[in-house]
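Chemist:
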Amino acid sequence: MNAREYFEQLRGKTLFIRGNEAVAYGAISAGCNFFAGYPITPSSEIASTMARELPKVNGYCLQMEDEIASLSAVIGAVWAGAKAMTATSGPGFSLMMENIGYACMTETPCVIVDVQRSGPSTGQATKTAQGDIMQARWGTHGDHEIIALSPSTVEECFNLIITCFNLAEEYRTPVLFMMDGELSHIRENLTIPLDIEVVERKKSKGEEPVFGGRLIPPMAEIGDGKAVHITGSTHMEDG
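Shown next, in the form of structure tokens:
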């Protein structure tokens with residue numbers, strides 16, 4: 003089964019589910035076929051749902067040793083051709099900051115879900131909060147642009163996670179999905195839309211200008227026959 007066939011099984015149905023589950027269903031419908039994460043309240047149901055659902059589309063779900071490794075695995079999977087996502091909460095989001103910057107600089111399209119909870123450090127795992135918004139904008143060092151979306155309903159959890167993948171692929175950038183603990187666990191009716199738009203990755207043909215008119219280069223993948231140099235250093239067309 004491919005992602006489109008997976009969506010066809012859901013289209014038009016009304017489900018009474020949690021926000022975390024809606025995120026997983028939407029991500030797979032958008033073509034996500036790789037998930038790596040580390041369990042952390044209140045995001046853990048995203049990982050467990052992905053573990054159950056991804057094999058249906060021949061995808062992979064990995065539980066890593068920590069959040070640093072989780073985003074590292076996601077970045078590597080993208081460069082091998084996958085559409086990939088991870089999910090975490092505040093403490094893990096802090097650990098991911100260096101790799102978020104690396105994904106920005108290497109122009110790696112991926113999705114990072116932050117299900118926010120209360121307090122710095124370990125904080126209060128079961129108390130909802132929305133305190134990571136400034137960290138989403140300024141968390142990693144250096145001057146960078148970032149795209150972040152924030153849902154307010156279970157329906158938006160499904161629809162906007164698809165938008166996250168589309169923006170990531172269109173602009174070759176990591177995209178943040180800023181949820182909170184309450185929305186992750188609340189159950190609401192979700193009516194799956196009859197159709198969705200899915201943006202596919204632009205592949206390099208070899209003869210077009212590297213950056214082109216939009217300053218967004220097509221993406222070569224490791225193993226597709228082209229020499230691929232990936233660097234976290236500032237770079238231009240010639241290096």
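For the sequence shown, this note's numbering gives the first residue as 3, with consecutive numbering after it. Every residue gets a Cβ at the ideal spot worked out from N, C-alpha and C, and that includes glycine.
1) Please go through the same chain and pick out, in chain order, the residues whose beta-carbon is closer than 6 Å to the beta-carbon of Val230, but skip the five residues on each side of it.
2) Can we say the segment 52-71 touches the segment 102-122, given the rule of at least three CB pairs closer than 8 Å?
3) Among Met238, Ser186 and Met66, which residue has its Cα nearest to the Cα of Thr128?
4) Could you tell me whether the Cβ atoms of Gln118 and Ser91 are closer together than 8 Å?
5) Assign Phe167 to buried or exposed, taking buried as 16 or more other Cβ atoms, counted over all protein chains shown, within 10 Å of its Cβ.
6) Tell me whether Glu10 is buried or exposed, calling it buried when 16 or more other Cβ atoms sit within 10 Å of its Cβ.
7) If you compare alpha carbons, which of His146, Gly14, Leu162 and Asn4 is closest to Leu107?
8) Which class does Met136 belong to by DSSP, given the choice of helix, strand or coil?
9) Which word fits Gly33, buried or exposed, when buried means at least 16 other C-beta atoms lie within 10 angstroms of its C-beta?
10) Assuming Ile148 contacts Leu178 (C-beta within less than 8 Å), just tell me the rounded distance between them.
11) Distance check for Cys159 and Pro176, CA to CA, integer angstroms please.
12) My output table needs one value for Gly33: the three-state DSSP class, helix, strand or coil.
13) Whose C-beta lies closer than 8 Å to the C-beta of Lys207 among residues of the same chain, with five residues either side of it excluded?
14) Nearest to Glu157 by alpha carbon, out of Arg174, Thr124, Val200 and Thr193?
15) Can you say whether Asp182 is buried or exposed, counting buried as having 16 or more other CB atoms within 10 angstroms of its CB?
16) Would Ala49 pass as a contact of Gly39 if the rule is Cβ separation under 8 Å?
17) What does the alpha-carbon distance come out to for the pair Phe95 and Arg189?
18) Return the chain-ordered list of same chain residues with a C-beta closer than 6 Å to the C-beta of Gly83, the five sequence neighbours on each side being excluded.
19) Using only alpha-carbon positions, find the residue among Ser154, Asp116 and Pro153 that is nearest to Gln137.
20) Tell me the residue span of the beta strand (DSSP E) that contains Val177.
Modeler: A quick look at the data gives this:
1) Ala222 and Ile224
2) no
3) Ser186
4) yes
5) buried
6) exposed
7) The amino acid occupying residue 107 in the given sequence is Met; Leu does not appear at that position. The shortest Cα separation from Met107 among His146, Gly14, Leu162 and Asn4 belongs to His146.
8) helix
9) buried
10) 6 Å
11) 18 Å
12) coil
13) Pro220
14) Thr193
15) buried
16) yes
17) 25 Å
18) Glu223
19) Asp116
20) Pro176 to Asp182
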